[in-house]
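FYI, the numbering for the first sequence is 39 to 462, going by this note's numbering.
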Amino acid sequence: MNLIAELQWRGMIQDIMPGTEEQLSKEMTTGYIGFDPTADSLHIGSLVPILLLVHLQKAGHKPVALVGGATGMVGDPSGKSEERNLLDEATLNHNLEGVKNQLKKFLDFSPSLPNAAEMVNNYDWFKGITFLQFIRDVGKHITVNYMSAKDSVRKRLEGENGMSFTEFTYQLVQGYDFYWLYVNKNAKLQMGGSDQWGNITTGTELIRRKAGGEAFAFTCPLVTKADGTKFGKTEKGNVWLDPTKTTPYEFYQFWLNSTDADAEKWIKTFTFMGQEEIEALIGQHRTAPDQRLLQKRLAKEITVFVHGTEQYEQIVNTSKGFYGGDPINFINTSDDNVLLGSGIPSSTFTSAWPVDVVTFLAECGSSFFSSKGDARKMIQQGGVSINEIKITDPKTIIDASYLLKEKYILIKKGKNFHLVLAHS
RNA sequence: GGGCAAGUAGCCAAGUGGCCAACGGCAACAGACUGUAAAUCUGUCCUCUUCGGAGUUCGGUGGUUCGAAUCCAUCCUUGCCCA
């Protein structure tokens, strides 16, 4: 199966420029995707573009990951209804480093490969260009009419928020990236999320007019959830790839909790499993949905891809301990490393015993309970249990006798959120 | 520089002198039902609370009034139009 057919089956192609498939089957093609340094870590929304690059490399082509040191300074208007705030330079550089380090893990950069992955920063070629040069060499080739016709621009012109010249220029900046890579790195392909289509075509247009060349592109659909809510968010915010921002345990749980409908879609997009295997698994899942085979496999594949096999095994072990049978027993019989190593939410309680539950929960140093009032409400609604015993009376007194192994207390908020609390 | 419009809780959005901690929707959280799903139903959803209440909010500041998210002045921000 060729790359495009493969990606199509996986639901990873939204728009594709005519001739792209032919180009890819003709020769080893260099393709790139840009990553915006809006934060110091990528989140799972960036996973799809990353996977596109990985697929590209697997198919024998050369992937280039571009980090947007320059574009990050401008701000992409795509998908934004309001003018963006600019990042200061220090933050930007910090973010660039974080993003670069993460991207390194997913692609093969070994120089011996003919199609070794490469990382570039568009600031490197933008820093030497003056404004006048840019408007003469680049701006001259693209009409304002053309730029204004782009969706991202038109929406803002029609909307009530307006748009600054800076953001209006964004597509030219990104377009020039493509042109530069075409000329200097022989890149003939750009990929990205479907919201990037407008920016990408500005690039191919620029290549055609300025270099007389032909370049290609395709985009992937934005990942959505079946219920229409935003993908990649949990009660704690974004799901990050950085294990210090989203622990591997929480990362795994995010995927494990996906709905059946989403899991069927996502397993195609986010894993490298073959078509037959996936279809068999989906069939199996439908006959016994309560086994959650699909979610488990999905969570496994992605967690291994992002955090590695070792972490995954540790997570599964912990998950089984907390969801399978007897969490109390699990805490009692596991050593600290097994218990906390995968990043189950935990914190430390430092005040003196005994205290009433409400104070205890409010001060246990986790984000589960924001205040005494919050803790009390949760108790009144029957959503809190300590050491597997549901707390119904907000006046319950917690003291040292609750400690497991003389240092832990298991707090549960709802069904899914466990907190292991160490007492110091 | 001139004219016009707008700024309400995480987001969208009603309210245009007291009945306003502020309609409604989304998102989120808990409960029931389940499969660590979905859908549905119920509750919560500014902060604190001895659950009786208390405190702080409607871009900022100052004012009018017994009483202001609502009226006035001024400043800030944003959009549209004109120069």
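Backbone N, C-alpha and C define an ideal beta-carbon position, used for all residues, glycine too.
In this text, all values refer to a predicted model and were calculated from it rather than measured experimentally.
In the structure shown, Leu441 adopts coil according to DSSP, grouped into three states. Contact check for Leu279 against Ala337 fails: the beta carbons are separated by 8 Å or more. The C-beta of Leu151 has fewer than 16 other C-beta atoms within 10 Å across all chains shown, which makes the residue exposed. Secondary structure note for Asn355: its alpha helix (DSSP H) is the uninterrupted segment Thr347 to Ser357. For Thr257, the enclosing beta strand (DSSP E) covers residues Phe254 to Cys258. In the DSSP assignment, Asn160 falls outside any alpha helix (DSSP H), carrying neither H nor E. Following the DSSP letters along the chain, one finds Leu134 in no beta strand (DSSP E) but inside the alpha helix (DSSP H) bounded by residues Glu127 to Phe144. Assignment of beta-bridge partners to Pro101 by DSSP yields Gly69. Every unbroken stretch of the alpha helix (DSSP H) spanning 4 or more residues and falling wholly within the stretch 369-401 is given here in chain order: 374-378 and 395-400. At a Cβ-Cβ threshold of 8 Å, Val105 and Phe144 do not count as neighbours. Judged by DSSP secondary structure, Gln46 falls outside any beta strand (DSSP E) and instead within the alpha helix (DSSP H) spanning Leu41 to Trp47.
For Gly362, there is no enclosing alpha helix (DSSP H), since its DSSP letter is neither H nor E.
Under the DSSP definition of a beta bridge, Phe455 partners with Lys451.
Between Gly69 and Ala249 a beta carbon distance of about 17 Å is seen, past the 8 Å cut, so the two are scored as non-contacting. Boundaries of the beta strand (DSSP E) harbouring Gly230: Ala225 to Gly231, taken from the DSSP string. Where Ser423 is concerned, the enclosing beta strand (DSSP E) starts and stops at Val422 to Ile424. When DSSP states are grouped into helix, strand and coil, Lys306 belongs to the helix group. Distances from the alpha-carbon of Glu196 to those of Phe203, Ala187 and Phe216 put Ala187 closest. Nearest Cα to Glu444 within the set Ile369, Ser423 and Glu127: Ile369. Rounded to the nearest angstrom, the gap between the Cα atoms of Ile429 and Lys453 is 14 Å. For Lys428, the pairing in a beta bridge is given by DSSP as Ser423. For the pair Leu210 and Val176, the CB atoms are nearer than the 8 Å cut-off. Between Lys283 and Val102, the beta carbon gap of about 26 Å keeps them out of contact (Cβ cut-off 8 Å). With respect to the 8 Å criterion, Val344 and Gly83 are not classified as neighbours on the basis of their beta carbons. Apart from the 5 residues on each side of it in sequence, Lys410 sits with its Cβ closer than 7 Å to the Cβ of Val396, Thr397 and Ala400 in its chain, given in chain order.
With a 10 Å radius around the Cβ and a threshold of 16 neighbouring Cβ atoms, Ala108 comes out buried. Residue range Thr58 to Lys64 is occupied by the alpha helix (DSSP H) that includes Gln61.
The beta carbon of Val92 sits closer than 7 Å to those of Phe144 and Leu145, all from its chain and outside the five residues before and after it, given in chain order.
The beta-carbon distance between Glu65 and Ile42, rounded to whole angstroms, is 15 Å. This is too long to meet the 8 Å contact definition. For Pro87, the uninterrupted alpha helix (DSSP H) segment begins and ends at Leu85 to Lys96. For Pro75, the number of other beta carbons within 10 angstroms of its own is at least 16, and it is reported as buried. In the DSSP assignment, Thr240 falls within the alpha helix (DSSP H) that extends over Trp235 to Leu244. Excluding five sequence positions before and after Lys450, the CB atoms of its chain that fall closer than 6 Å to its own CB belong to Ser423 and His456, given in chain order. The DSSP-derived three-state label of Ala154 is coil. Note: His81 is bridge-paired with Trp278 in the DSSP secondary-structure output.
For Asp215, the closest C-alpha among the options Gln313, Thr239, Asp53 and Leu331 is that of Thr239.
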